[in-house]
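Asker: Once you've had a glance at the structure underneath, I'll fire off some questions.
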Ligand code: ATR
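In UniProt numbering, the protein residues as written are 1 to 268.
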């Protein structure tokens with residue numbers, strides 16, 4: 001029951017109304033008997049959002065598109081892994097000290113590990129915060145990375161940072177990769193018809209992963225399935241990063257099956 005002792009957690013993003021974060025975190029709080037609620041806030045400004053965390057005593061926050069990088073300048077301490085990645089997706093409020101973490105990196109790589117990343121050519125579409133986390137994890141597994149991105153300057157900067165190749169977005173069709181990972185918001189509802197990688201460049205031996213999970217089957221994964229590729233949807237990464245956030249906030253490991261099922265059964 002919500003009362004005067006209820007603690008507040010939230011997600012900051014824009015857009016954010018599609019987020020399943022409130023659904024899974026609130027279910028996990030209920031399941032673990034924790035007096036807390038989790039809300040979604042669509043904000044314009046990272047600095048003002050962080051100020052709200054301080055002013056209202058918000059206990060923890062998820063940070064999503066487009067604030068994973070800009071939020072870093074406004075918090076008090078950044079975990080070394082998040083610092084190396086250059087993106088924070090989790091804020092923990094420890095008695096007024098705001099600490100930033102990145103739970104995307106491990107969560108992104110985990111579903112790919114069974115396919116063996118070492119020595120494989122991995123094409124990462126995008127160069128934002130999510131791309132940095134994925135790239136960092138793939139590089140740690142000795143994958144041979146190609147970055148492609150709409151804004152060349154950003155893509156080149158990421159490629160340089162992780163010692164990878166950059167291929168401009170208008171040359172994407174020429175990319176030959178074993179694994180393709182979309183880290184952009186392309187294909188996210190309500191613009192679910194948009195595709196982040198040219199279908200003609202997909203071949204049946206590829207593994208194709210999308211970090212977008214609304215819809216579960218993005219236009220990219222639909223095309224990849226039609227080409228006979230192995231596909232990995234964004235839900236496994238989303239649940240894994242959320243479970244790690246929940247543990248950072250509460251010290252308790254949530255039931256990830258419960259989290260996954262509530263998203264899959266959500267018909268809204
Ligand atoms: P996040 O921190 O969640 O990764 P971000 O830092 O804003 O969010 O990065 C978003 C990524 O998606 C970027 O690579 C962005 O491309 P630009 O660098 O050109 O901005 C990419 N992206 C978002 N919308 C896009 C679109 N409609 N077409 C192509 N790329 C897009």
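Every residue, glycine too, gets a C-beta built ideally from N, C-alpha and C.
#1: Start and end of the alpha helix (DSSP H) containing residue 21?
#2: Please classify residue 67: does DSSP put it in a helix, a strand, or coil?
#3: When the distance is taken between beta carbons, is residue 210 closer than 9 Å to residue 187?
#4: Over the uninterrupted alpha helix (DSSP H) stretch that includes residue 230, give me the two end residues.
#5: What's the gap between the Cα of residue 144 and the Cα of residue 6?
#6: Could you give the DSSP three-state label for residue 267: helix, strand or coil?
#7: Pairing CB atoms from the stretch 112-126 with CB atoms from the stretch 82-100, are three or more of them under 8 Å?
#8: Nearest to residue 231 by CA position, among 240, 206, 260, 214, is which residue?
#9: Confirm, please, whether the CB-CB distance from residue 165 to residue 159 is below 9 Å.
#10: Can residue 215 be considered in contact with the ligand ATR, in the sense that its beta carbon sits closer than 8 Å to one or more heavy atoms?
#11: What is the DSSP secondary structure of residue 194, reduced to helix, strand or coil?
#12: Note down, in chain order, each residue of its chain lying with its Cβ closer than 6 Å to the Cβ of residue 182, except the 5 sequence neighbours on either side.
#13: Using only alpha-carbon positions, find the residue among 176, 61, 194 that is nearest to residue 203.
#14: In this structure, how does DSSP classify residue 120 when only helix, strand and coil are distinguished?
#15: Straight-line CA distance for residue 95 to residue 69?
#16: For residue 156, I'd like the list of residues in its chain whose CB is within less than 7 Å of its CB, leaving aside the five on either flank, ordered along the chain.
#17: In this structure, how does DSSP classify residue 257 when only helix, strand and coil are distinguished?
#18: Below 6 Å CB to CB, which residues in the same chain sit around residue 136 once its five sequence neighbours on both sides are set aside?
#19: Which one of 49, 53, 57, 80 has the shortest CA to CA distance from residue 66?
#20: Would you call residue 264 buried or exposed, if buried means 16 or more other Cβ atoms sit within 10 Å of its Cβ?
#21: Looking only at its chain, what residues have a beta carbon closer than 7 Å to the beta carbon of residue 223, apart from the 5 residues adjacent to it on each side?
#22: What's the call for residue 77, buried or exposed, on a 16-neighbour Cβ count within 10 Å?
#23: Quick one: is the Cβ of residue 129 within less than 8 Å of any heavy atom of the ligand ATR?
#24: Please report how far the alpha carbon of residue 134 lies from the alpha carbon of residue 149, in whole angstroms.
#25: Classify residue 95 as helix, strand or coil using the three-state DSSP reduction.
#26: So, with DSSP's three-state summary, where would you put residue 251?
Answerer: Taking the coordinates as given:
#1: 21-31
#2: coil
#3: Contact: yes.
#4: Unbroken run through residue 230 is the beta strand (DSSP E), 230-232; no alpha helix (DSSP H).
#5: The alpha-carbon of residue 144 is positioned some 47 Å away from that of residue 6.
#6: Residue 267 falls in the coil class under three-state DSSP.
#7: no
#8: 206
#9: yes
#10: no
#11: Here residue 194 sits in coil by DSSP.
#12: 125, 196, 210, 220
#13: The shortest C-alpha separation from residue 203 is found at 176.
#14: Looking at residue 120 - three-state DSSP - the assignment turns out to be coil, as it is neither helix nor strand.
#15: 23 Å
#16: So the qualifying residues of the chain are 166.
#17: helix
#18: 85, 105
#19: 49
#20: exposed
#21: 195, 199, 202
#22: exposed
#23: yes
#24: Using only the alpha carbons, I get a separation of about 14 Å.
#25: coil
#26: coil
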